[in-house]
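Going by this note's numbering, the residue at position 627 of the sequence shown is 627; the numbering climbs one at a time, nothing skipped.
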Amino acid sequence: MVAASEMNSTQHAEVDGKSSATTGTLAGGSSTSSVDGSDQSGSLLASLQNITLRMLREEARTEKFEHSELSSSNPRPGSPKRDHASAHYGGVSEPISEHSVVPEVLEYGEEDDDNEALNRAIAMSIEAAQLPPAPVAAITQDTGADWINEESKSEDASVYKMRRTRQPSDTEAQEVASAYLGGGIDDHDGLLSSVLVKECVSHFVESTRMAGDGAGEAAVQEFQSLHPYFGRCEYARAVSIDSSYRCLRIVFDHRCRLGPKAKLIFYADPECEDRIGVVDNAMTTSGHLLPDLIIHSHQFWFRFNASEENATKDNGYGYRFQVKPMASIRWTKESEVLASPSLEWACWVLELLLNDATELVAHGAVHNRIIYGALVRYLRSPGAPFKGRVVRLLQQLLYHPELFPADEVPELDALESISRLAVTRAEVDRASGKVFLSAHLLQLVELSMMISSASSVFERKLNGSGAGLAPQVTEPFELPVPFERKRIRDSLNDVSEMTRFLLGQTTRLPQHVLVAIWLEVYGSSAVIETSHPYTPGASLTGHIAFDAAQALRITFDSRCSLASGQGQTMSRLELASFVLVPRDNGTGEVVKEIRSNRTYAGEGGWPETAISHDGNNLDYKFHADENAGAHFGFAATVNALGIPKEKQLARATVSDIELLLQKFLLMQEDPTSDGDQWTQEMDLQLVDWVNNHVEPAASLPSSTPATIKHSVDLQPADIKLNQTLDGLRCSQLLSLSLESLQLRFALLKYLNLSLQHCLPLLDLRDTKSPWTIAHRLRQLSHCIFFDVKSALVEAAIEATNVVGETSGSSSQQQTARITLDRMQALESRDDREVEPSVSECFFAQAFRQLNQVDPALLRRQIDSKGRLFSVKFRGEEGVDWGGVYREGATSMVDDLFSPHFSLFVLCPNGQHDTGNNRGMYLPNPKCTSPVAMQMFAFVGQLLGISLRTHGDFPFMLASLVWKQLLGQTLTRSDLEGTDAMFIQMLDGIANCEKDGIFTEEEFATAFAGLELRFTASSCTGEEIELVPGGRHLTVEFHNRLEYCRLAERARLEECSAQVAAMARGFATLFPRRVLTLLTWQELETLTCGSPKIDLDLWQRHTRYDGYSEDDPTVQLFWEVLGEFSDEQRADFVRFAWGRSRLPRGKWPQPFKLSKKGGRDATRSLPVAHTCFFSVELPPYTSRETMHSMLLATITFGLGGILMA
């Protein structure tokens, strides 16, 4: 198991960061033999893991662990008390000399980002624990020093204090570890769990000591190029240190800069074939320091190659690095296992316990001061590598703080100083304009969120109250801090707590969050409503008073409807507004002074806009007669105008805030509770309503006033569902109470406001690990407003834009140019050349010309004509003002989803003309050749281009593809969306008992005609084996469920290799981690636009030349388009503009409809100017003529015949 864990070390690298040549990865490739070794180690490791976990579960099942030394706070004889052990691991460090604080640390497996920020924050925290506050301000380079000091002081005052103890020396730590181990591994209580925990502690302590042992300055070597480097050179050098050292650290100078045609490559062999790492232009211009490189050997070779065109030009500083020997904390051969510590082994064991040994973890085996202290000490050790992995382990430990026993609560002071400074550094970096912060810095920011959450749990434990109890609401209440003045760390903590609450992981919400939501919903407003539908014969009366209000404004829900009737027996709502005025007799008595009386009744006629009422008091009375039609009843929001926030807050009581929390708890999905339970589908529909409510306003020209521009600008009273318009889209919301809708919206709005405030500081990379904020946000992606997500996407696009040169020959090289041949494409189609390797369709032509283009050129901003690259159609003259580019790009994508090119195939639902998504396509799983895989990568680049440039290319991909691009889990509904008949067959087999089939004989008889074997038909009809020899293995009653499981999984994964290639191409143009928050529908919309052609929106963005808006021809034009299907409308948009989707957001140019003149104009077809989104429309006078001419236009005009 020890050997397997070391061989499996490469698996951990995938958790923290993926290698990608496009992002400037320092890690290089490995030899071919490593693939087989990895497979063998993975298989061995899986077997050993299973054996270990079975033993651990048996110990937990037989309750042996309850009596082991690890489960008790009392140590066995001969071992030190845990208080003594924790004193050596959990406290604040002793003063450390300035020269010992080394600004360098390398995270294990993290190769896509620098680690300078992580080590700097940790190093500064060690100093900060001993020095006065002044140096804290100094680290920010005088940026906001005053408020940083104030925050530091306020945090210190707000965090509860535990006893502070001294950090031990290495010698003392060794003594503690030896005493804890009680003489060695052989001296234990006979339980595997005890041995594993002791192994963790021992190796962490030893690794900490050895990592701190450095070499003398004499052993350090330095290597450098000329400064600036010579543009045309190539040379290699060998580097060798004393063989007594088994590990080398390469530390790069911060001035390193390489040009686009220079590389510095490190190798493990003199032949320079086994590459260790590479430094190139992308890495040295990223804005971060180069990460240190750890080499587990005493020697290596490096090669520098520069092939710049101008050798004497200042191409950059060049390279400079130091080689520092260090003690190895990793096993490289079996003889080291018993002689040396291994950080990898300690981490692997602890990860095994935390991730898989759930029974053991539940008993608190690893949640104790010993494990926690060992991790913290290693993290605070200057010079220790791979700290990112230790940070992840600390995150896992603190994710469940309730598992720490009361007598094992760790001290958080040491980590708090690290995390506080990390957040401060992240704020400074963000304020300087950085969109993508260091991955290691983001790790520490997330750790700070966990520390804050754990701190409150530990405080309650120490006070003797339960960790899961609801917090006590206390007065006085404070006014919420506006987000523009709120500390980012407070928003981070709010996001952490609210995501856990929405996922049902806690029943707590911070008091200030509850107060803010109460003010939003109840501060100056109240909701009055009946049950829905209302109960016949029931009456509803009440009184609402807002003492400081100047007037009342009442907004009725659009669902209001009462049964019709006559006279006093009909259902009706009576409202009377008034003010209380004192009598003139001086007694102090008050009387009502009625200002307005109004009555509302019937199915329709309810006010659509807000109604103002004089006065600050309202009496309401509802008379309910019979309700034969199950009418909704009424619901209204009463807003008081002119009440300042301070007076609104004064109305709140402790019971009000506690009641608000109870209402939120009742909303959680619990069928046994009363009230409106909220499901994921309900949240999805509510957020979809919000997105659609603000999106049209955002798309209007700047000259058009829009009341609502952002989703977070909406108020709870703005949530008004329309029974007719929202009947389908919000079907699950129509029966909910208005108060429930407003409360849920206010809760989601506060989450989105907090996210909007701190989103750049959240680590969105690891969506698989359940303890990460990225995992929780991925689960709640349906609760995040679309404009909040799209703002992050747009910021990422802007941050990754490449600025091109604009002069001379360099400008020509900065713009890709392709030529498309229509005749060649038609001939290829006629010859039925559908295979990717021989096809000459537009896509294949473009691929062969753009495949070798540097992806950086495709990240440039589009030019003033809306072009990313230049497109020319052979034999067609004309100046491209953007229309030719759009036509060429759309033609490329159209070829992908056509029968004359086999890179994609129509999904089985389309082939069988059944189920949903009949027009959607899947990657062809048979296309596995190198050329085909390169084409799939190019498809990914086209996706990235469409996303970056708002190109709205018409990709017709099923959800199964979009979800894999996002890294989301596939479900059987995704398979049903592409092959409903296959799912129907599997359901029939799995649930055959419903048809009376209970025996092997009955099963064989019922399915004899299918001749079921352990095979499945792919989307191309090809038979695939589900298990080795599956063609000869019969499906029977007893193994039918296993067959269904394997068949479903095989079909879900059949095109995973092709989608992975698409994802690689996409990642060269766009950082995929930014897409964590998106649903697959939102990614499709951002990439392709909406396939629905909104005529109302189109008309609002239309300008006329020669016509007026009321012209009969114009009226006919819009009426005929209204009769067309969405596909036909899309074809006309493409005819007019060169793309088949309407613009999203702000339109780059309006649609122009011009009058076509001439003697025989009414007998001619319209003409399009795609560069200008303009159409010349003849003055047709009849509906029939308009209809036939527009149909002819989209039928014959898309080939370029009618395009000018």
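Glycine included, each C-beta is placed from N, C-alpha and C at the ideal position.
Distance cut-off 6 Å: residue i Cβ against heavy atoms of the ligand NAP
| i | result |
| --- | --- |
| Gly642 | The ligand NAP is not among the ligands present in this structure, which contains no ligands whatsoever. |
First and last residue of the uninterrupted alpha helix (DSSP H) at residue i
| i | result |
| --- | --- |
| Thr1195 | Arg1183 to Phe1196 |
| Glu1036 | Here Glu1036 belongs to no alpha helix (DSSP H), and DSSP marks it neither H nor E. |
| Ala576 | Here Ala576 belongs to no alpha helix (DSSP H); instead the beta strand (DSSP E) covers Arg572 to Pro582. |
| Asp1126 | Asp1126 to Trp1137 |
Residue i burial status per 10 Å Cβ neighbour count (16 or more: buried)
| i | result |
| --- | --- |
| Ile517 | buried |
| Ser946 | buried |
| Asn924 | buried |
| Gly318 | buried |
| Asn585 | exposed |
| His254 | exposed |
| Asp280 | buried |
| Val35 | In this prediction, Val35 scores a pLDDT of 36, lower than 50, which makes its location untrustworthy; the coordinate-derived value is nonetheless stated afterwards. It counts as exposed. |
| Tyr620 | buried |
| Lys461 | buried |
| Phe204 | buried |
| Phe1196 | exposed |
| His543 | exposed |
| Asn1039 | exposed |
| His1032 | exposed |
| Gln968 | buried |
| Gly1158 | exposed |
| Glu497 | buried |
| Ser154 | Caution is warranted here: a pLDDT of 35 is assigned to Ser154, below 50, making its placement in the model unreliable, and the coordinate value is therefore given only provisionally. The residue is exposed, with fewer than 16 neighbouring Cβ atoms inside 10 Å. |
| Ser735 | exposed |
Inter-residue Cα distance where the pair is residue i and residue j
| i | j | result |
| --- | --- | --- |
| Trp1118 | Gln1099 | 8 Å |
| Arg57 | Ser194 | 13 Å |
| Pro716 | Leu733 | 15 Å |
| Ala1054 | Ile862 | It is worth fixing the name first, because residue 1054 is Glu in this sequence and not Ala. If you take the alpha carbons of Glu1054 and Ile862, they lie about 36 Å apart. |
| Leu857 | Glu427 | 31 Å |
| Asp142 | Thr424 | At Asp142 the pLDDT is 34, less than 50, meaning the model places this residue with poor confidence; the figure from the coordinates comes in the next sentence. Cα-Cα distance, rounded: 12 Å. |
| Glu206 | Pro341 | 6 Å |
| Arg1141 | Trp1147 | 12 Å |
| Ala551 | Arg598 | 16 Å |
| Asp429 | Arg487 | 15 Å |
| Glu416 | Ser891 | 56 Å |
| Arg1224 | Ile294 | Since the first residue shown for the chain is 1 and the last is 1204, residue 1224 is missing from the structure and cannot be characterised. |
Segment limits, beta strand (DSSP E) that includes residue i
| i | result |
| --- | --- |
| Trp301 | Gln299 to Ser307 |
| Lys872 | Ser870 to Phe873 |
| Ser455 | Not the beta strand (DSSP E): Ser455 falls in the alpha helix (DSSP H), residues Ala439 to Leu462. |
| Pro325 | Arg320 to Met326 |
| Ile945 | Unbroken run through Ile945 is the alpha helix (DSSP H), Pro930 to Thr949; no beta strand (DSSP E). |
| His757 | It is not in any beta strand (DSSP E) - His757 instead sits in the alpha helix (DSSP H) that spans Leu738 to Cys758. |
| Asn639 | Ala635 to Leu641 |
| Tyr1104 | Thr1102 to Asp1105 |
| Asp960 | First, the residue type needs correcting, since residue 960 is Leu and not Asp in the sequence shown. Not the beta strand (DSSP E): Leu960 falls in the alpha helix (DSSP H), residues Ser959 to Leu966. |
Cβ of residue i within 7 Å of any chain C Cβ
| i | result |
| --- | --- |
| Ser898 | Absence of chain C from the displayed structure is noted, only one protein chain being present. |
Worksheet item: Three or more beta-carbon pairs under 8 Å between the stretch 521-535 and the stretch 591-610, yes or no?
Response: no
Worksheet entry | beta strand (DSSP E) runs contained entirely in the stretch 189-269, provided each spans 3 or more residues | DSSP runs (the beta strand (DSSP E)) wholly in the stretch 189-269: 221-224, 232-240, 247-252 and 262-267.
Practice prompt. With a floor of 4 residues, list each alpha helix (DSSP H) that falls wholly inside the stretch 775-862, ordered by position along the chain.
Written response: 786-799, 808-814, 822-830 and 842-850
Practice prompt. Run through the stretch 498-560 for me and flag every whole alpha helix (DSSP H) of 4 or more residues, listed as ranges in chain order.
Written response: Correct list: 511-518.
Worksheet item: If you scan the stretch 987-1044 from start to end, which runs of the beta strand (DSSP E) of 3 or more residues do you find wholly inside it?
Response: 1015-1017 and 1023-1025
Worksheet item: In chain order, which continuous runs of the beta strand (DSSP E) of length 3 or greater are located wholly inside the stretch 875-924?
Response: 904-906 and 921-923
Fill in: At least three beta-carbon pairs within less than 8 Å, the stretch 503-514 to the stretch 757-764
no
Worksheet entry | At least 3 beta-carbon pairs within less than 8 Å: the stretch 642-649 vs the stretch 559-573 | No: the two stretches stay apart, fewer than three of their Cβ pairs being nearer than 8 Å.
Item to complete: Could you say if the stretch 1047-1063 and the stretch 1081-1093 meet the contact criterion of at least three C-beta pairs nearer than 8 Å?
Response: no
Worksheet item: Does the count of Cβ pairs from the stretch 989-1008 and the stretch 1095-1113 closer than 8 Å reach three?
Response: no
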